[in-house]
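Asker: Pasting a structure here, questions to come.
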Amino acid sequence: MSYEQFAYLYDELMQDAPYTEWVQFVKEKLHTYQVDGKALLDLACGTGELSVRFAKEGFSVTGVDLSSDMLAVAQVKAQAEGLAISFYEQNMAELKGHDLFDIIGIFCDSLNYLQSEEEVIQTFSGAYQHLKDEGLFIFDVHSLYKVTNVFVEQTYAMAEEHLSYIWNSFPGEMPYSVEHELSFFVLDDQTGRYDRFDEIHYQRTYPIDQYSQWLAEAGFELLQVCADFQDSAPDDKTERILFVARKKPSK
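Take the sequence shown: its position 65, counted from the start at 1, is 189 in the numbering used here, and no numbers get skipped.
This is the structure:
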């Protein structure tokens, strides 16, 4: 999917995203699992907000995203900060042609935008192939609870002078999936009128055991499954589930 116009609104809408928590979580796991290198691949990097933050923390960052519009925003950000970050337009399920990394991350539930089991499996395989031995693969997903009890049949809205939106969520066709219908109204400063932009975003998640099985089949050792940036295990009301896996050397 392409974020199209949404790319240019994304950062404003995501001001409350847990970017600081993600940077701290990754740094802690590198220390805990004794990973010395700092070559990081930010898969589904979006507008590069985390890519920039990691680079400012001393990581050597590469960003990959499917949306050329998102990457255009990311490139402007990196240049404004004087950071040398390489960005590539690529589907995370078709990852190829990159060097090996010490850590690969798929942050902010981006994995849930893949529409099929096969794409998730391919993404895990690609991550394995692009990690150094003992390298870490870290990602987060929506829980089943969040998709079925928080998102589905809910309406969200925001009304500001320059930007408003209406966000409706409906059950998807597949189990544990959701379709987000978003309508944005953006003030045109020159005309004083509001332009409307419509987007449909599809997300799908799976049980923890299913992700764990796919990781094992790809060659990973699952180190940790935790809830909401804590070291505690997820419970039946957890909304964000984080996975930390390590690449086992191929025999």
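Note that the Cβ used here is the ideal one computed from N, Cα and C, for glycine as well.
Are there 16 or more other CB atoms within 10 angstroms of the CB of E173, so buried, or fewer, so exposed?
Answerer: Taking the sequence shown and counting its residues from 1, the one referred to as residue 173 is at position 49. That one is buried.
Asker: Would you kindly check if the distance between the Cβ of F294 and the Cβ of E285 is under 8 Å?
Answerer: As a working note, residue 285 is residue 161 in the sequence shown. As a working note, residue 294 is residue 170 in the sequence shown. No. Outside cutoff.
Asker: Nearest to G343 by alpha carbon, out of K361, K371, A163, Y326?
Answerer: Against the sequence shown, residue 343 aligns to sequence position 219. Ranking the options by Cα distance to G343, first place goes to K371.
Asker: Express the C-alpha separation of D312 and D333 in angstroms, rounding to a whole number.
Answerer: Taking the first residue of the sequence shown as 1, we reach residue 333 at position 209. Taking the first residue of the sequence shown as 1, we reach residue 312 at position 188. When rounded, the distance between both Cα atoms is 48 Å.
Asker: Answer yes or no: do T329 and N236 have a C-beta to C-beta separation smaller than 8 Å?
Answerer: Along the sequence shown, read from residue 1 onward, the residue named residue 329 stands at position 205. Along the sequence shown, read from residue 1 onward, the residue named residue 236 stands at position 112. Yes, they are a contact pair.
Asker: Suppose you measure from the CA of L306 to the CA of Q327; what does that come to, to the nearest Å?
Answerer: Counting from 1 along the sequence shown, the entry for residue 306 is found at position 182. Counting from 1 along the sequence shown, the entry for residue 327 is found at position 203. Their backbone Cα atoms lie some 13 Å apart in a straight line.
Asker: T315: buried (16+ other C-beta within 10 angstroms of its C-beta) or exposed?
Answerer: As a position in the sequence shown, residue 315 is number 191, starting the count at 1. Exposed, by the Cβ-count rule.
Asker: Where are the beta strand (DSSP E) runs, 3 residues long or more, that stay fully inside the segment 176-230, in chain order?
Answerer: Those beta strand (DSSP E) runs which fall completely within the segment 176-230 and span 3+ residues are 184-189, 210-213, 225-230.
Asker: Would you identify the three-state DSSP class for K372, choosing helix, strand or coil?
Answerer: Here residue 372 refers to the residue found at position 248 of the sequence shown. Three-state DSSP puts K372 in coil, outside helix and strand.
Asker: Going by alpha carbons, who is nearest to F353 out of R364, K162, D360, V244?
Answerer: As a first step, residue 353 must be located in the sequence shown, where it is residue number 229. Measuring from the Cα of F353, the nearest candidate turns out to be R364.
Asker: Using the three-state DSSP reduction, which class does D322 fall into: helix, strand or coil?
Answerer: Locating residue 322 in the sequence shown gives position 198, counting from the first residue. D322: strand per DSSP, three-state reduction.
Asker: Which class does Q327 belong to by DSSP, given the choice of helix, strand or coil?
Answerer: Numbered from its first residue, the sequence shown carries residue 327 at position 203. It is a strand residue.
Asker: Going by CA-CA distance only, name the one from V265, I324, K151 that's closest to P358.
Answerer: For the purposes of this step, residue 358 is taken as residue 234 along the sequence shown, with counting starting at 1. Out of V265, I324, K151, V265 has the C-alpha closest to the C-alpha of P358.
Asker: Quick check: what's the CA-CA separation for L366 versus A351?
Answerer: Here residue 366 refers to the residue found at position 242 when the sequence shown is read from its first residue. Here residue 351 refers to the residue found at position 227 when the sequence shown is read from its first residue. About 6 Å.
Asker: Quick check: the segment 183-199 against the segment 152-165, are at least 3 beta-carbon pairs closer than 8 Å?
Answerer: Touching, per the Cβ criterion.
Asker: Roughly how many angstroms separate the alpha carbons of Y127 and D193, rounded to a whole number?
Answerer: Working through the sequence shown from its first residue, we reach residue 127 at position 3. Working through the sequence shown from its first residue, we reach residue 193 at position 69. Its pLDDT being 42, under 50, Y127 is placed unreliably by the model, and nothing is read from it.
Asker: Hey, F263 and I209 are a contact pair by Cβ (cut 8 Å); roughly how many whole angstroms apart?
Answerer: Working through the sequence shown from its first residue, we reach residue 263 at position 139. Working through the sequence shown from its first residue, we reach residue 209 at position 85. That belief does not hold up - the Cβ atoms of F263 and I209 are roughly 20 Å apart, past 8 Å.
Asker: Can you check which of these residues, N292, C232, F321, S175, is closest to T279 by C-alpha distance?
Answerer: Here residue 279 refers to the residue found at position 155 of the sequence shown. For T279, the nearest C-alpha among the options comes from N292.
Asker: Give me the Cβ distance between A217 and Q246, rounded to the nearest whole Å; I'm assuming they're in contact under 8 Å.
Answerer: Start at 1 with the first residue of the sequence shown, and residue 217 comes out as number 93. Start at 1 with the first residue of the sequence shown, and residue 246 comes out as number 122. Contact flag correct, Cβ pair sits at about 4 Å.
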